[in-house]
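Step one of this worksheet: look at the structure below.
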Amino acid sequence: MDFNHKEVEKKWRDYWFEHETNHVPNDISKPKFYVLDMFPYPSGAGLHVGHPLGYIASDIIARHKRMQGYNVLHPMGFDAFGLPAEQYAIQTGVHPEVSTQNNMARYREQLNLIGLNYDWSREVITCDPQYYKWTQWIFLKLFSHYYNTTENKAKPIEELIQHFKKAGTEACYAFSDSDIAFTSQEWKNKSAKEKDETLMNYRLAYRKQGFVNWCEALGTVLANDEIKDGVSERGGHPVEKKAMMQWALRITSYADRLLSDLDQLAWSDSMKNMQRNWIGKSSGAQMFFDIEGSEKKLEIFTTRPDTIFGVSFMVIAPEHEFVKELTTPEQKILVAEYVEYTSSRSDLDRISEKKSITGCFTGSYCIHPFNGNKIPIWISEYVLIDYGTGAIMAVPGHDTRDRDFAKKFNLSITQVVQQDEESEIESKSGVIINSDFLNGLPVHEAIEKSIHEIKTKSIGFRKNQFRLRDANFSRQRYWGEPFPVYYDQEGTCHPMKEDQMPLILPHLEKITVGTEGKSPLVHAKEWANPSSGTTRELDTMPGYAGSSWYFLRYMNPDNHLELASKESLHYWQDVDLYIGGTEHAVGHLMYARFWHKFLYDLGITTTVEPFKKLVNQGMIQGIIENIILIKDSSPSTFISASLANDYPEDKIAHIPLFTGSVKNYNTADSHLDKEGIHYFINSKPDFVNSIFKSESGEYTINNMPEGFTIKTKSEVGKMSKRYHNVVNPDDVINEYGADVFRMYEMFLGPLEDSKPWDTKGITGVSGFIKKYYRMFFGENQTIIADESSPTKEELKILHTCIKKVNSDIENLSFNTSVSSFMICVNELRRLNCKSKEVLSILNRLLAPFAPFITEEINEKLGNKESVHHQAYPTHSEEYLISDEVTYPVSINGKKRHEWTVSKSKPQSELESEVLQLTEIQKWLEGVTIKKIIVVQGRMINIVLT
RNA sequence: ACCGAAAUGGCGGAAUGGUAGACGCGCUGGACUCAAAAUCCAGUAUGGUUAAACAUGUGAGGGUUCGAGUCCCUCUUUCGGUACCA
188 MDFNHKEVEK KWRDYWFEHE TNHVPNDISK PKFYVLDMFP YPSGAGLHVG HPLGYIASDI
248 IARHKRMQGY NVLHPMGFDA FGLPAEQYAI QTGVHPEVST QNNMARYREQ LNLIGLNYDW
308 SREVITCDPQ YYKWTQWIFL KLFSHYYNTT ENKAKPIEEL IQHFKKAGTE ACYAFSDSDI
368 AFTSQEWKNK SAKEKDETLM NYRLAYRKQG FVNWCEALGT VLANDEIKDG VSERGGHPVE
428 KKAMMQWALR ITSYADRLLS DLDQLAWSDS MKNMQRNWIG KSSGAQMFFD IEGSEKKLEI
488 FTTRPDTIFG VSFMVIAPEH EFVKELTTPE QKILVAEYVE YTSSRSDLDR ISEKKSITGC
548 FTGSYCIHPF NGNKIPIWIS EYVLIDYGTG AIMAVPGHDT RDRDFAKKFN LSITQVVQQD
608 EESEIESKSG VIINSDFLNG LPVHEAIEKS IHEIKTKSIG FRKNQFRLRD ANFSRQRYWG
668 EPFPVYYDQE GTCHPMKEDQ MPLILPHLEK ITVGTEGKSP LVHAKEWANP SSGTTRELDT
728 MPGYAGSSWY FLRYMNPDNH LELASKESLH YWQDVDLYIG GTEHAVGHLM YARFWHKFLY
788 DLGITTTVEP FKKLVNQGMI QGIIENIILI KDSSPSTFIS ASLANDYPED KIAHIPLFTG
848 SVKNYNTADS HLDKEGIHYF INSKPDFVNS IFKSESGEYT INNMPEGFTI KTKSEVGKMS
908 KRYHNVVNPD DVINEYGADV FRMYEMFLGP LEDSKPWDTK GITGVSGFIK KYYRMFFGEN
968 QTIIADESSP TKEELKILHT CIKKVNSDIE NLSFNTSVSS FMICVNELRR LNCKSKEVLS
1028 ILNRLLAPFA PFITEEINEK LGNKESVHHQ AYPTHSEEYL ISDEVTYPVS INGKKRHEWT
1088 VSKSKPQSEL ESEVLQLTEI QKWLEGVTIK KIIVVQGRMI NIVLT
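The opening residue of the first sequence carries number 188 in my numbering; numbering runs sequentially from there.
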């Protein structure tokens, strides 16, 4: 009789729940291990088989560590604020609170089916006021701190205010983008509003002008995601950049620490590189160029001040504040047109298109600081307003983008670095020419000298520039954390008192878009104006607010007095292993590191980094089956994939099909039969009169012969509703059981690789679990394992497996450990092993992978204690020792023979005896042996001339 | 365009610079069965052969090495990210 997974899984799920076997105490007597999953956004679609991949891996680690004696924190929660719930509410009227609760309930149910050992009593939900109270609290701490550049840490803004009172900006070491200067008297003379505005230059949470994607037709701000090809995805309306006052976080003040502390992390080099490149530290000079006929100066940053004599034009971003005044009357129309064109383009469009170079002359000129030449000022979209100062000096001789631009607009190109023919124009090898006082210097020396001169002439200074920007922290949305601040009549910002928090998001009966770019909170009239003359902030915080510190709340989730108690923060400290998708490689991970460091400066967290080790699981993709449609055909004509080569690429379109309706899907012979074509037409009634064409002829559904088939095209891609290829874990578990599902997910391939899901392959793992069960139980569930003492061979098989599985878990190589379990079971069955001793060790070894069946077997074997609380097996080398070894014998690196000899045979004997083997001799006739390479215990290679 | 990753049989994949294709799916043949399912046994990279020998083979092209799927260079394709999807 086979394993009844439905019954057994329910039994143990209930048992574990009742006995709280997953409960994790803050038990400081045991060593801690914190393994964390990136918590999901609870989407309406529920989990598909791709989501749990990382959760299962972390679950195996967590169970393994627990069996090794650690106190393991392995929690789960929800990143529950977000745009989709709000969009859903606007479209359907279902309030985000309701849809989010429903979605979370469904996620919990699905996660529990998989047998993940989460301690749900520690659940963290970002939209829970008891949680976001502390998100708001951290925000206010950011608001009330500045970054001190000598102490290199965040300090209370009150200290800075005292400094301003005493000395103004004299000897003030506060991080800021602006270089405003004032005396103590000037500070004292400032009005409250002016003081507030000044302090905004230093606060770690501050307000500034930011740009949003404004869609007039929809009356709302759009996420980048909601824009396709420059127009709104919904409705195809025009989108433009609009400036608005926005909250921002001064992450740039932490740029150096975020960069240097990467070195201490056990993250993959590729991940660290992505973070390094995202921070993008570059050193150079900040310079001010005089503008002809203006008091103002154009501020630019360059990494190549050595090429200052190669400047032939300046370029400013279309959003640059000087655009208006630099534009001369003659250029006015052209500039206006150009600015309008660029405002409809995304940053991605602007930097990604190499072919079309666009720009427009302002009509104004800068003055070269050293030779007094006139330098035309141009506007182009390849300069981004958010990066650097939004303006550059263009050196077309030594920058490819500047060169392309110069060629297009016939601007002069001056070579100022002597280079050999082959070197790239941007290369820093060579000496400076055509450059007055820099002539003859190698580039690196010229950079130093030019900065020195720039400083001496007071036209600039040395500067480290970061690509990292202070990202926008405001969203014109309802479903997010409200800002715990209010504004007085002057518009000055005041933080709320701690005892008034959380500032609860007001309930709106109906979510509708706001007016004039405001969030839907504009409709919460009473809430928005708490007392006469005061108004609340109507924007809410972005998704990354709640996710930047949630890992700390798990340590002590019920604390009403602090974000987490000192004791819990001291005990759990940081995350030992963090598993999640690469899509969070920079965004989430950078902000979480930033907040963690800030909290460290405040003395709250005990480590400088939140995530010691990071692993990115790959995406599980779906199989997409498409039918091929000839574009613009009338009536619509579908062709067999085998005929597709007769048509040019741009004449055909791929229409995704429900995978289940395709015969032999994911093979070269995938096709729709007549039944499948019926199904397709039923789901897409527009195509009811379409023609289906294959080698055997062309038909409509009405005259189609019975055996007609049309080939479909298989590809691998996202698992999504759109492609009708979503596989739900519930269905798989229902049919095969959670243990099989877990092991199959792991068996698919390396955790970090992306790979397609195909449920067909699961029968291999399912067969394994059945075989495994039958090793313990005969007919009628009777135990067949006996007290026989294990044989040497059985022990060798078992311990080989123990060794492999332990090292695989350490390396997160779960696909190979599943293989070794299969090999072990196959071999033990071949030996007809019944030894209870061997089998119960194997059962413990398998427990983290297959928690249900192992728990059931453990009980049937007469154990009282849960298998998951027993010790994890370790191997003994003594069972693995063999006195023979099989050498592959190669001739010139190509294997020709296998040779089994005593392990102790010395190298000299191996070398002489190998040549006597008949299988080898035939290769040696008439040739000279150059040398013999012997790697003891591994291989032999005979090198011939 | 930029940053990062990947590419191995029909499919998912295995392989400290040392026997390419473990393990599993699929397929083929066989056993059991009235039959099917389930289960079990055998085979399965390609070419070649009754079988073997042998030759070829890890996206493409070069290189380093006694020996390269693995290291280096160039390229192609696919995937993730590019700051308001999460």
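Beta carbons are placed, not taken as given, at the ideal position from N, Cα and C, and that holds for glycine.
This one's a predicted model, so the numbers in the text were calculated from it and none came from an experiment.
> From Ser1007 to Gly417, what does the alpha carbon distance come to, in whole angstroms?
Replying inline: The residue labelled residue 1007 in the question sits at position 820 within the first sequence. The residue labelled residue 417 in the question sits at position 230 within the first sequence. Cα to Cα, the separation comes out at about 52 Å.
>> Tell me the residue span of the beta strand (DSSP E) that contains His1084.
In response: On the first sequence, position 897 is the one that residue 1084 refers to. It spans Lys1081 to Ser1089 - the beta strand (DSSP E) in which His1084 sits, taken as one unbroken run.
>> Considering just the uninterrupted stretch of the beta strand (DSSP E) at Ser901, what are its terminal residues?
In response: Sequence index remark: in the first sequence, residue 901 carries index 714 (1-based). Taken as a continuous stretch (DSSP letters only), the beta strand (DSSP E) holding Ser901 covers Lys900 to Gly904.
> DSSP puts Asp416 in a beta bridge; with which residues?
Replying inline: As a position in the first sequence, residue 416 is number 229, starting the count at 1. For Asp416, which the question treats as bridged, DSSP gives no partner whatsoever.
>> Give me, in chain order, the residues of the same chain whose beta-carbon lies closer than 7 Å to that of Glu893; leave out the 5 immediate sequence neighbours on both sides.
In response: If you number the first sequence from 1, residue 893 lands on position 706. Only Lys861 meet the Cβ criterion.
> When we look at the beta-carbon of Gln687 and count the other beta-carbons within 10 Å, is it buried (16 or more) or exposed?
Replying inline: Here residue 687 is taken as the residue at index 500 of the first sequence, counted from 1. When all chains shown are included, Gln687 counts as exposed.
> If we ignore side chains and look at the alpha-carbon of each, how far apart do Thr385 and Phe351 end up?
Replying inline: Position 198 of the first sequence, counted from the start, is the residue given in the question as residue 385. Position 164 of the first sequence, counted from the start, is the residue given in the question as residue 351. Straight-line Cα distance between these residues: approximately 11 Å.
> Are Ser1004 and Lys991 touching if we call contact CB-CB under 8 Å?
Replying inline: Translated into the one-based positions of the first sequence, residue 1004 becomes position 817. Translated into the one-based positions of the first sequence, residue 991 becomes position 804. Yes. Within cutoff.
> With DSSP run on the structure shown, which of helix, strand or coil describes Cys988?
Replying inline: The residue given as residue 988 occupies position 801 in the first sequence. Of the three classes helix, strand and coil, the one that applies to Cys988 here is helix, per DSSP.
>> Counting beta carbon pairs with one atom in the stretch 1008 to 1020 and one in the stretch 1039 to 1046, are three or more of them shorter than 8 Å?
In response: no
> From Glu677 to Asp366, what does the alpha carbon distance come to, in whole angstroms?
Replying inline: Taking the first sequence and counting its residues from 1, the one referred to as residue 677 is at position 490. Taking the first sequence and counting its residues from 1, the one referred to as residue 366 is at position 179. Near 25 Å, if we compare the C-alpha coordinates of Asp366 and Glu677.
> With Ala1034 and Arg250 assumed to form a contact (beta carbons below 8 Å), what rounded beta-carbon distance in angstroms separates them?
Replying inline: Within the first sequence, numbered from 1, the residue matching residue 1034 stands at position 847. Within the first sequence, numbered from 1, the residue matching residue 250 stands at position 63. So it is a contact: roughly 7 Å between Cβ atoms.
>> I need the boundaries of the alpha helix (DSSP H) containing Gln317, first residue and last residue.
In response: The residue given as residue 317 occupies position 130 in the first sequence. Looking at the DSSP string, the run of the alpha helix (DSSP H) that includes Gln317 is Pro316 to Phe330.
>> Once DSSP output is grouped into helix, strand and coil, what is the label at Cys1011?
In response: By 1-based counting over the first sequence, the position of residue 1011 is 824. Here Cys1011 sits in helix by DSSP.
>> Does the distance between the C-beta of Asn460 and the nearest non-hydrogen atom of the ligand PLP fall short of 7 Å?
In response: Of the ligands one can find in the structure shown there are none, so the ligand PLP has no counterpart to examine.
> In whole angstroms, what separates the C-alpha of Gly790 from that of Pro717?
Replying inline: As a working note, residue 790 is residue 603 in the first sequence. As a working note, residue 717 is residue 530 in the first sequence. The alpha-carbon atoms of Gly790 and Pro717 are separated by roughly 34 Å.
> Thinking C-beta only, is Gly667 closer than 8 Å to Thr576?
Replying inline: Translated into positions along the first sequence, residue 576 becomes position 389. Translated into positions along the first sequence, residue 667 becomes position 480. No. Outside cutoff.
> What is the rounded straight-line gap between the Cα of Ser877 and the Cα of Thr899?
Replying inline: Translated into positions along the first sequence, residue 877 becomes position 690. Translated into positions along the first sequence, residue 899 becomes position 712. When rounded, the distance between both Cα atoms is 16 Å.
>> So, with DSSP's three-state summary, where would you put Arg390?
In response: Within the first sequence, the letter at position 203 stands for residue 390. Residue state, collapsed to three classes: strand.
>> Considering just the uninterrupted stretch of the alpha helix (DSSP H) at Pro689, what are its terminal residues?
In response: Translated into the one-based positions of the first sequence, residue 689 becomes position 502. From DSSP, Pro689 is part of no alpha helix (DSSP H); its letter is neither H nor E.
> Under a three-way DSSP split, which group does Gln1141 fall into?
Replying inline: Residue numbering for the chain in the displayed model covers 188 to 1132; residue 1141 lies beyond these limits and cannot be assessed.
> Of the residues Val952, Leu327 and Lys947, which one's Cα is nearest the Cα of Met933?
Replying inline: Against the first sequence, residue 933 aligns to sequence position 746. Of the listed residues, the one whose Cα sits closest to Met933 is Val952.
>> Measuring alpha carbon to alpha carbon, tell me which residue in Phe895, Thr356 and Tyr360 is nearest Trp374.
In response: Here residue 374 corresponds to residue number 187 of the first sequence, with the count starting at 1. Measuring from the Cα of Trp374, the nearest candidate turns out to be Thr356.
>> Under 8 Å: do the stretch 568 to 588 and the stretch 500 to 518 share three or more Cβ pairs, one atom per stretch?
In response: yes
>> Mapping the DSSP letters down to three states, classify Gln1133 as helix, strand or coil.
In response: For the chain, the structure presents residues 188 to 1132; residue 1133 sits outside this window and is missing.
> How close, in whole Å, do the beta carbons of Leu1111 and Lys983 come, if the pair is a contact with beta carbons under 8 Å?
Replying inline: Position 924 of the first sequence, counted from the first residue, corresponds to residue 1111. Position 796 of the first sequence, counted from the first residue, corresponds to residue 983. That pair is no contact at about 37 Å.
> Can you list, in chain order, the stretches of the alpha helix (DSSP H) that have 4 or more residues and sit fully within the stretch 835 to 904?
Replying inline: 861 to 870
>> According to DSSP, is Lys644 part of a helix, a strand, or is it coil?
In response: In the first sequence, counting from the first residue as 1, residue 644 sits at position 457. Three-state DSSP puts Lys644 in coil, outside helix and strand.
>> Quick check on the DSSP output: what are the complete alpha helix (DSSP H) runs of length 4 or more inside the stretch 723 to 749, in order along the chain?
In response: 730 to 734 and 737 to 740
> If we ignore side chains and look at the alpha-carbon of each, how far apart do Tyr574 and Arg654 end up?
Replying inline: One-based indexing of the first sequence puts residue 574 at position 387. One-based indexing of the first sequence puts residue 654 at position 467. Approximately 6 Å between the Cα atoms of the pair.
>> Within a Cβ cutoff of 7 Å, which residues of the same chain sit near Thr793, ignoring the five residues on either side of it in sequence?
In response: Position 606 of the first sequence holds residue 793. For Thr793, where only same-chain residues beyond five positions count, the Cβ hits under 7 Å are Leu756, His757 and Gln760.
> So does the stretch 465 to 473 actually touch the stretch 535 to 553, counting three or more Cβ pairs closer than 8 Å?
Replying inline: no
> When burial is assigned at 16 or more other CB atoms within 10 Å of the CB, is Leu1018 buried or exposed?
Replying inline: Along the first sequence, one-based indexing puts residue 1018 at 831. Counting Cβ neighbours within 10 Å, Leu1018 comes out exposed, since fewer than 16 surround it.
> In this structure, what does DSSP give as the bridge partners for His681?
Replying inline: As a first step, residue 681 must be located in the first sequence, where it is residue number 494. Paired residue(s): Tyr673.
> Which first and last residues belong to the beta strand (DSSP E) in which Ile566 is found?
Replying inline: By 1-based counting over the first sequence, the position of residue 566 is 379. Lys561 to Ile566 is the extent of the beta strand (DSSP E) around Ile566.
> So the beta strand (DSSP E) Tyr923 belongs to, where does it begin and stop?
Replying inline: Here residue 923 is taken as the residue at index 736 of the first sequence, counted from 1. Not the beta strand (DSSP E): Tyr923 falls in the alpha helix (DSSP H), residues Pro916 to Tyr923.
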